[in-house]
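Here the structure is laid out as structure tokens; the discussion comes afterwards.
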Amino acid sequence: MSLHVCAPLFYESEDRARILSATAAAHGISPVFFGVGQKWEGFWESKFLGFREHLAGVDREYTLVLDANDCVFLAGEEQILEAYERARNGHDILLQGAYGLYPHKLHRIGRHFRDLADGRGFGHPYPCAGLILGRTDALRRACNVLYEMWSEVPVWFPNKRDDDQGWWELGIYSGRVAAQIDYKAIVSLGMYRQKLWWFRLNKEQEGEELYGIVEPTKILHFTGWGRPGGMLSWWNRNAPRLGISL
């Protein structure tokens with residue numbers, strides 16, 4: 100198999116990733132967690148640098164890194180990589196599309212990403228660092244470039260300097276990192292502030308256009324564990340359809 104799946108998990112145990120693990124296993128995927136048992140030092144220090152270090156030992160052609168505690172697999176490797184090929188638009192790196200622009204909420208940056216999404220964006224034109232899929236060698240190069248950018252700016256607003264998503268945002272905006280945004284949610288759908296938080300697995304939804312989504316996505320990404328509209332709410336509604344028990 101050519102896809103390596105990994106996730107940062109800076110908790111004492113893997114319990115917070117139990118839904119991710121169960122749905123991944125149901126589709127023949129075995130995610131590798133990095134950071135278990137380690138102290139959380141922030142998005143840059145722990146998540147980004149931890150991923151960069153983890154990548155050094157990956158020998159698969161493709162790597163998917165995603166948040167461990169709020170993602171659900173709806174498909175397996177073959178379907179995910181097939182969707183990636185249709186979504187990447189000639190780029191080797193694909194970031195999940197996000198509902199909002201964060202943390203650099205500047206008009207010129209927002210317009211740049213909306214323009215990349217055909218001027219519309221289907222509600223998800225901005226980069227989300229919570230789910231990234233690409234060729235492993237391209238991800239290594241991109242991480243090195245972002246580390247260089249971070250090193251070039253020793254003084255920055257702390258909440259932005261230490262935000263990994265902000266550096267992906269600036270890397271793509273500056274042209275130093277080549278990546279595509281999955282603004283049509285072909286590979287993954289971010290559920291933040293979406294009226295689609297109840298997104299179900301009904302077969303009759305196939306082909307129906309919902310926020311520009313014309314097919315079932317392969318991975319759902321929730322921001323929020325137990326809050327209304329979060330992953331547990333969705334899971335409690337849909338677990339019987341999946342036939343997966345924890």
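Following the working numbering, the residues of the sequence shown are numbered contiguously, the last one being 345.
Beta carbons are placed, not taken as given, at the ideal position from N, Cα and C, and that holds for glycine.
Output yes or no for whether 8 Å exceeds the beta carbon distance between residue i and residue j.
i      : j      : result
ASP236 : PHE142 : no
LYS138 : PRO107 : no
VAL164 : ILE118 : no
GLY233 : ILE285 : no
ILE280 : ALA216 : yes
ALA228 : GLN264 : yes
GLU268 : HIS203 : yes
ILE128 : GLY199 : no
May I have the straight-line CA-CA distance separating residue i from residue j, to the nearest angstrom?
i      : j      : result
HIS126 : VAL252 : 42 Å
GLU113 : THR122 : 14 Å
ASP169 : SER250 : 30 Å
ALA287 : ALA197 : Sequence check: residue 287 is Ser here, not Ala. Going by the C-alpha atoms only, they are around 10 Å apart.
SER344 : TYR272 : 42 Å
TRP266 : MET248 : 8 Å
VAL276 : TYR201 : 18 Å
ARG210 : PRO315 : 28 Å
Within a Cβ cutoff of 7 Å, which residues of the same chain sit near residue i, ignoring the five residues on either side of it in sequence?
i      : result
HIS206 : none
GLU111 : GLY136
TRP334 : ILE118
Leaving out the 5 sequence neighbours to the left and right, which residues in its chain are closer than 6 Å to residue i when beta-carbon positions are compared?
i      : result
THR162 : HIS103, THR235, LEU238
GLY342 : none
ARG115 : ASN168
ALA278 : HIS190, ILE192, LEU194, ILE271
| Whole alpha helix (DSSP H) runs in the region 220-276 with 4 or more residues, listed along the chain? | 235-251, 257-260, 263-273
| message | As an exercise, report each continuous beta strand (DSSP E) stretch of at least 3 residues that is fully enclosed by the region 149-189, in chain order. | response | 161-165, 170-172
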